[in-house]
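Engineer:
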Amino acid sequence: MTELRLEGVSKQYGTDAGGTTALAGIDLTVRDGEFFTLVGPSGCGKTTTLRTIAGFEEPTDGTVSFDGTPMTGVAPEKRDVGVVFQSYGLFPHMTVAENVGYGLRFRDPPEGTTVDERVAALLELVDLERMGERNPDQLSGGQQQRVALARALAPEPDLLLLDEPMSALDARLRESLRRQLTQIQSTLGVTTVYITHDQQEALAISDRVAVMSNGRIEQVATPQEIYREP
Ligand code: ADP
Ligand code: ADP
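Using the working numbering, you'd call the opening residue of the sequence shown number -11 and step up by one each time.
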């Protein structure tokens, strides 16, 4: 669907003396259809990287491009990205189906489908086909996070960005959501950038992993390459 490239991406919050360098020159290529994970300790710059890709932040320096097109100055809703945050961010006063449909507010449903058909297809994709009329607070944490995933995928984004989507879930739910997520990702083939501080999770879920530290990328490797290290 799309290749993502970051070239020399830096991000400074605030001004020099009192400021924070969140990103200190990130170079990264995520291939078309890849499941790519950023892993590293809290504060290393993962969320800032993701927000820069999504367009919620502009880099202080450097370029983000999708399929060779620079995204500088392109608003988030014009970027063809679906985002899922750690806190599900569902609208409590809307039903599950309305939440998923909200993902289509900036965009038409795919050619030849109505909004209702698209919502139904997405709820089926995440195994919640009978939950559409419920409110989010009537669902488990894992189910709520699947609604957030369905909402992000509704407009058929080129890129799926996931910021610690499992962190609020217990181990059992994490395992089942992880299985579902990798299955959906490989079925749709959507280029995916996933964030976690959990190295085991990164290795279990990804095609390739970028290890981050202090606003830099230390290493990019496949899980097999990382396991093989002494
Ligand atoms: P991670 O997602 O890996 O935990 P972040 O990208 O959230 O890392 O943060 C990277 C650094 O930037 C941290 O030092 C953090 O305190 C700082 N930071 C993040 N967001 C802001 C902000 N809005 N204003 C100032 N500093 C920030
Ligand atoms: P994390 O928990 O990883 O730090 P947050 O949930 O705090 O991530 O990120 C929420 C931030 O993202 C908010 O600052 C909000 O302004 C921004 N945000 C979330 N969704 C959108 C959106 N659709 N459009 C613009 N900004 C958004």
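Yeah, the Cβ is synthetic: ideal placement off N, Cα and C, and Gly gets one too.
Indicate the three-state DSSP secondary structure (helix, strand or coil) for D49 in the structure shown.
Structural biologist: To locate residue 49, count along the sequence shown from 1; it is residue 61. Note: D49 maps to strand in three-state DSSP.
Engineer: Can you grab the Cα-Cα spacing for the pair A63 / Q207, in whole Å?
Structural biologist: Against the sequence shown, residue 63 aligns to sequence position 75. Against the sequence shown, residue 207 aligns to sequence position 219. Approximately 30 Å between the Cα atoms of the pair.
Engineer: Which value, in whole angstroms, describes the spacing of the CA atoms of N123 and G50?
Structural biologist: Position 135 of the sequence shown, counted from the first residue, corresponds to residue 123. Position 62 of the sequence shown, counted from the first residue, corresponds to residue 50. Each residue's alpha carbon lies about 42 Å from the other.
Engineer: Inspect the CB distances between the segment 70 to 82 and the segment 14 to 34 and report whether three or more fall short of 8 Å.
Structural biologist: no
Engineer: Would you list the one or two residues that DSSP bridges to Y182?
Structural biologist: Within the sequence shown, residue 182 is the residue found at index 194, counting from 1. Beta bridge pairing from DSSP links Y182 with T25 and L150.
Engineer: If you follow the alpha helix (DSSP H) that V84 is part of, which residue opens it and which one closes it?
Structural biologist: As a working note, residue 84 is residue 96 in the sequence shown. Taken as a continuous stretch (DSSP letters only), the alpha helix (DSSP H) holding V84 covers V84 to Y90.
Engineer: Can you tell me where the beta strand (DSSP E) holding S30 begins and where it ends?
Structural biologist: Looking up residue 30 in the sequence shown gives position 42. Run containing S30: none; DSSP gives neither H nor E here.
Engineer: On the criterion of 16 or more Cβ atoms from any shown chain inside 10 Å, does G91 qualify as buried, or is it exposed?
Structural biologist: Here the question's residue 91 lines up with position 103 in the sequence shown. That one is buried.
Engineer: Give me the residue from G33, I172 and A42 with the minimum Cα distance to E112.
Structural biologist: Translated into positions along the sequence shown, residue 112 becomes position 124. Nearest C-alpha to E112: I172.
Engineer: Looking at the structure shown, is E145 part of a helix, part of a strand, or coil, going by DSSP?
Structural biologist: Your numbering for residue 145 matches position 157 in the sequence shown. The question names Glu, yet the displayed sequence has Pro at residue 145. P145: coil per DSSP, three-state reduction.
Engineer: Between which residues of its own chain and T48 is the CB-CB distance below 7 Å, once the five residues before and five after are set aside?
Structural biologist: What you label residue 48 is simply residue 60 of the sequence shown in a count that begins at 1. Once the five neighbours on either side are set aside, the close Cβ partners of T48 are S(-2), K(-1) and Q0.
Engineer: How would you write the range of the alpha helix (DSSP H) that E163 sits in, first residue to last?
Structural biologist: The residue labelled residue 163 in the question sits at position 175 within the sequence shown. Run containing E163: A159 to L176, per the alpha helix (DSSP H) assignment.
Engineer: Okay, do the segment 32 to 39 and the segment 94 to 108 touch, 3+ Cβ pairs below 8 Å being the bar?
Structural biologist: no
Engineer: Could you give the C-beta distance for G28 and S194, rounded to a whole number, given that I count them as a contact under 8 Å?
Structural biologist: Sequence index remark: in the sequence shown, residue 28 carries index 40 (1-based). Sequence index remark: in the sequence shown, residue 194 carries index 206 (1-based). The Cβ separation is near 13 Å, so there is no contact.
Engineer: R139: buried (16+ other C-beta within 10 angstroms of its C-beta) or exposed?
Structural biologist: Sequence index remark: in the sequence shown, residue 139 carries index 151 (1-based). With 16 or more Cβ atoms within 10 Å of its Cβ, R139 is classed as buried.
Engineer: Is the separation between the beta-carbon of M119 and that of V135 shorter than 9 Å?
Structural biologist: Within the sequence shown, residue 119 is the residue found at index 131, counting from 1. Within the sequence shown, residue 135 is the residue found at index 147, counting from 1. Contact flag set, yes.
Engineer: With respect to the alpha helix (DSSP H) encompassing L110, which residues constitute its N-terminal and C-terminal limits?
Structural biologist: Here residue 110 is taken as the residue at index 122 of the sequence shown, counted from 1. Element bounds for L110: V103 to L113.
Engineer: In terms of DSSP beta bridges, what is P124 paired with?
Structural biologist: Mapped onto the sequence shown, residue 124 falls at position 136. Paired residue(s): none; P124 is not in a bridge.
Engineer: Mind checking F79: buried by the 16 CB within 10 Å criterion, or exposed?
Structural biologist: If you number the sequence shown from 1, residue 79 lands on position 91. Looking at its Cβ environment, which holds fewer than 16 other Cβ atoms inside 10 Å, F79 is exposed.
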